[in-house]
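Protein chains in written order, with our numbering: chain G, 1 to 114; chain E, 115 to 226. Ideal Cβ positions, reconstructed from N, Cα and C, are used throughout, including at glycine. All figures in this text were calculated on a predicted structure; none of them were measured in a lab.
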Amino acid sequence: NAGVTQTPKFQVLKTGQSMTLQCAQDMNHNSMYWYRQDPGMGLRLIYYSASEGTTDKGEVPNGYNVSRLNKREFSLRLESAAPSQTSVYFCASSEVGGGAAEQYFGPGTRLTVT
Amino acid sequence: GDSVTQMEGPVTLSEEAFLTINCTYTATGYPSLFWYVQYPGEGLQLLLKATKADDKGSNKGFEATYRKETTSFHLEKGSVQVSDSAVYFCALSDRSDYKLSFGAGTTVTVRA
Numbered sequence: 001n002a003g004v005t006q007t008p009k010f011q012v013l014k015t016g017q018s019m020t021l022q023c024a025q026d027m028n029h030n031s032m033y034w035y036r037q038d039p040g041m042g043l044r045l046i047y048y049s050a051s052e053g054t055t056d057k058g059e060v061p062n063g064y065n066v067s068r069l070n071k072r073e074f075s076l077r078l079e080s081a082a083p084s085q086t087s088v089y090f091c092a093s094s095e096v097g098g099g100a101a102e103q104y105f106g107p108g109t110r111l112t113v114t
Numbered sequence: 115g116d117s118v119t120q121m122e123g124p125v126t127l128s129e130e131a132f133l134t135i136n137c138t139y140t141a142t143g144y145p146s147l148f149w150y151v152q153y154p155g156e157g158l159q160l161l162l163k164a165t166k167a168d169d170k171g172s173n174k175g176f177e178a179t180y181r182k183e184t185t186s187f188h189l190e191k192g193s194v195q196v197s198d199s200a201v202y203f204c205a206l207s208d209r210s211d212y213k214l215s216f217g218a219g220t221t222v223t224v225r226a
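What follows is the structure in structure tokens.
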């Protein structure tokens with residue numbers, strides 16, 4: 001099992017460019033999440049998908065869109081990148097939401113917007 | 115809303131020292147509590163969890179007890195190793211939704 005995979009691992013964008021971060025999981029989990037990690041702020045939830053076909057905003061959704069393509073894949077799109085979106089992005093998945101169930105994390109994408 | 119507060123780092127220790135990282139939480143319901151660990155250059159991994167009051171989670175020599183009366187979930191290890199150098203995150207999940215709330219993280223460095 002690969003677990004949760006993310007592509008790309010690193011990306012540099014110029015202000016105003018767009019890109020899509022890809023995430024896939026092979027654990028047959030229902031729920032998937034996108035977080036950003038910034039120094040001193042822990043992880044903050046951007047968007048999540050409780051099940052295939054549904055998506056909801058998290059704590060910091062502005063400037064992002066998501067697509068739950070199928071049960072395995074959950075992508076995050078930046079339509080017009082801004083320097084404030086420089087961060088490390090993590091995708092995660094879990095079996096039955098976040099209640100008492102463990103979330104499994106991907107290795108992250110380090111994004112720099114200049 | 116729900117929130118987690120954990121002690122600020124960085125924390126630097128010598129090998130075989132005792133480690134404590136304090137974590138307190140605010141939640142309206144009865145959350146599940148977690149400690150995650152992030153090794154350099156990697157994603158987060160679950161270290162341990164507890165789902166109800168007085169539960170003790172343990173893994174790899176680390177322990178934490180869910181204390182409802184003090185709304186705390188402090189992480190402890192009796193004898194740290196260099197390989198324990200990492201960032202540690204306390205987190206909670208309200209049972210009514212699907213989301214984790216994370217603390218800011220505590221960077222721990224263990225020196226030989």
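- At a Cβ-Cβ threshold of 8 Å, residue 109 (chain G) and residue 37 (chain G) do not count as neighbours.
- Distance between residue 19 (chain G) and residue 147 (chain E), taken at the CA atoms: about 34 Å.
- Inter-residue distance for residue 3 (chain G) and residue 123 (chain E) is about 30 Å (C-alpha atoms, whole angstroms).
- Taking C-beta separations shorter than 8 Å and ignoring five residues to either side along the sequence, the partners of residue 50 (chain G) in its chain run 30, 31, 56, 97, following chain order.
- Rounded to whole angstroms, the separation of the alpha carbons of residue 16 (chain G) and residue 176 (chain E) is 45 Å.
- In the displayed model, residue 198 (chain E) falls within a helix according to three-state DSSP.
- Here residue 103 (chain G) is not near residue 161 (chain E), since their CB atoms are 8 Å or more apart.
- Interface with chain G (8 Å Cβ-Cβ cutoff): residue 219 (chain E) is included.
- Put simply, the segment 130 to 144 of chain E touches the segment 175 to 190 of chain E. At least three CB pairs are less than 8 Å apart.
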